[in-house]
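Q: Pasting in a structure now, in structure tokens, and then I'll have a few things to ask.
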Amino acid sequence: MFIGFDYGTANCSVAVMENGQPKLLPLEQDNPYIPSTLAAPTREAVSEYLYRFMGVKPLDSVGEQVLRRAVAFNREEDIIVEQGDLLFGQAALDSYLADPEETYYVKSPKSFLGANGLRDVQISFFEDLVCAMMKNIKLQAELSMQQDIVNTVIGRPVNFQGTGGESANLQAEKILLQAAKRAGFKEVEFQFEPVAAGLEYESSLTEDKTVLVVDIGGGTTDCSLIQMGPTWRQQADRSASLLAHSGQRIGGNDLDIYLAFKQLMPQFG
0 MFIGFDYGTA NCSVAVMENG QPKLLPLEQD NPYIPSTLAA PTREAVSEYL YRFMGVKPLD
60 SVGEQVLRRA VAFNREEDII VEQGDLLFGQ AALDSYLADP EETYYVKSPK SFLGANGLRD
120 VQISFFEDLV CAMMKNIKLQ AELSMQQDIV NTVIGRPVNF QGTGGESANL QAEKILLQAA
180 KRAGFKEVEF QFEPVAAGLE YESSLTEDKT VLVVDIGGGT TDCSLIQMGP TWRQQADRSA
240 SLLAHSGQRI GGNDLDIYLA FKQLMPQFG
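Taking numbering that gives the first Met the number 0, I'd label the letters of the sequence shown as residues 0 to 268.
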């Protein structure tokens, strides 16, 4: 079974096709959207928890190094990582708000996947973060569908946040790919997010059109010029219909930050 996976900057969601229509699956109680957040007792607890309680092993020597360091740190600090210590979504935020000084909290890790100058161990840790979130979402989706889910199409922005150009995009996509495979997905495909957003609109077209799709997300704003309609609808490979792409590394989170600094913070001096 394939699922469509929106690993978003602000929220994540997954959907399956049911009776020819996309159906969002519940990920947090009955909510089909889960905030892209994670909380743990320590930074190092993430890698140890992923291995110890989620059954996810490192793929290479760098990942093994990250895991060994994480376990050693937790032992030195007398931190025992237990089942349930890794939290996601609203539960992660609630844990952080209840005890911010004793909680390692991550929000929107997707924003950092294309960052410049990351060392191998840093990239490996980001992979652990993303993998833990994907594994949790996969488990929730499987619980809803009552079957294993091993194939996925993941949306990705035209340009990830970062200043490294195409090298940043390649780095970010590789992290997502490795994380998804470690989480248990066997077949992983990527689709530009504005293209994926436009496919639903295409289903309503009765004639071919050239469509400008604008996708404003939490961390990026993407545009795609796409040929759509009955001629293209049944084609699995849509590369010939994609006329142009453009993406800016600015999104809704930037608006939130701007409003907070310009309007809210001055009220508190």
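Even for Gly, the Cβ is constructed at its ideal location relative to N, Cα and C.
Three-state secondary structure (DSSP) at Thr230?
A: helix
Q: What does the Cβ neighbour count give for Pro21, buried or exposed, with the cut at 16 atoms within 10 Å?
A: exposed
Q: Can you tell me whether Met16 is helix, strand or coil according to DSSP?
A: Look at Met16 here: in three-state DSSP terms it is strand.
Q: Go ahead and pull the three-state DSSP assignment for Tyr32.
A: coil
Q: Check Ser245 in the structure and name its three-state DSSP category.
A: strand
Q: Would Gly183 and Val210 be called neighbours here (beta carbons separated by less than 9 Å)?
A: no
Q: Go to Phe189, then tell me how far its alpha helix (DSSP H) extends in each direction, as first and last residue.
A: That residue, Phe189, is in no alpha helix (DSSP H); its beta strand (DSSP E) goes 186-191.
Q: My guess is that Asp221 and Gly246 are in contact by the Cβ rule of under 8 Å, so how many angstroms apart are they, rounded?
A: About 4 Å; that satisfies the 8 Å criterion.
Q: If distances are taken between C-alpha atoms only, which option among Lys173, Ser238, Ser12, Val80 comes closest to Met133?
A: Ser12
Q: Compare the Cα-Cα distances from Gly251 to each of Ile215, Ser240, Ala243 and report the closest residue.
A: Ile215
Q: Could you tell me the boundaries of the beta strand (DSSP E) in which Ala72 lies?
A: The sequence shown places Phe at residue 72, not Ala. Here Phe72 belongs to no beta strand (DSSP E); instead the alpha helix (DSSP H) covers 60-75.
Q: What first and last residue would you give for the alpha helix (DSSP H) that runs through Asn158?
A: Unbroken run through Asn158: none, as it is neither H nor E.
Q: How close, in whole Å, do the beta carbons of Gly113 and Gly161 come, if the pair is a contact with beta carbons under 8 Å?
A: Contact between Gly113 and Gly161 holds, with the beta-carbon distance rounding to 3 Å and staying under 8 Å.
Q: Ignore the nearest five residues each way along the sequence and tell me which others in Tyr32's own chain have a CB closer than 6 Å to its CB.
A: Asn10, Ser12
Q: To the nearest angstrom, report how far apart Gly217 and Leu242 are at their CA atoms.
A: Straight-line Cα distance between these residues: approximately 25 Å.
Q: Classify Pro265 as buried or exposed, calling it buried when 16 or more other Cβ atoms lie within 10 Å of its own Cβ.
A: exposed
Q: Among Gln233, Ile153, Glu100, whose alpha-carbon lies nearest the alpha-carbon of Gly19?
A: Gln233
Q: Measuring only from the beta carbon, is Thr162 closer than 8 Å to any heavy atom that is part of the ligand FAD?
A: Within the structure as shown, the ligand FAD is missing, as the structure has no ligands at all.
Q: Quick check: what's the CA-CA separation for Val70 versus Gly54?
A: Our two residues, Val70 and Gly54, have alpha carbons roughly 15 Å apart in a direct line.
Q: Could you check if Glu192 is buried or exposed, using at least 16 other CB atoms within 10 Å of its CB as the buried criterion?
A: buried
Q: Check the C-beta distance from Ile225 over to Val213 and give it rounded, since I have them as a contact under 8 Å.
A: So it is not a contact: roughly 11 Å between Cβ atoms.
Q: Could you tell me which residues DSSP pairs with Val152 in its beta bridges?
A: Gly3, Glu188
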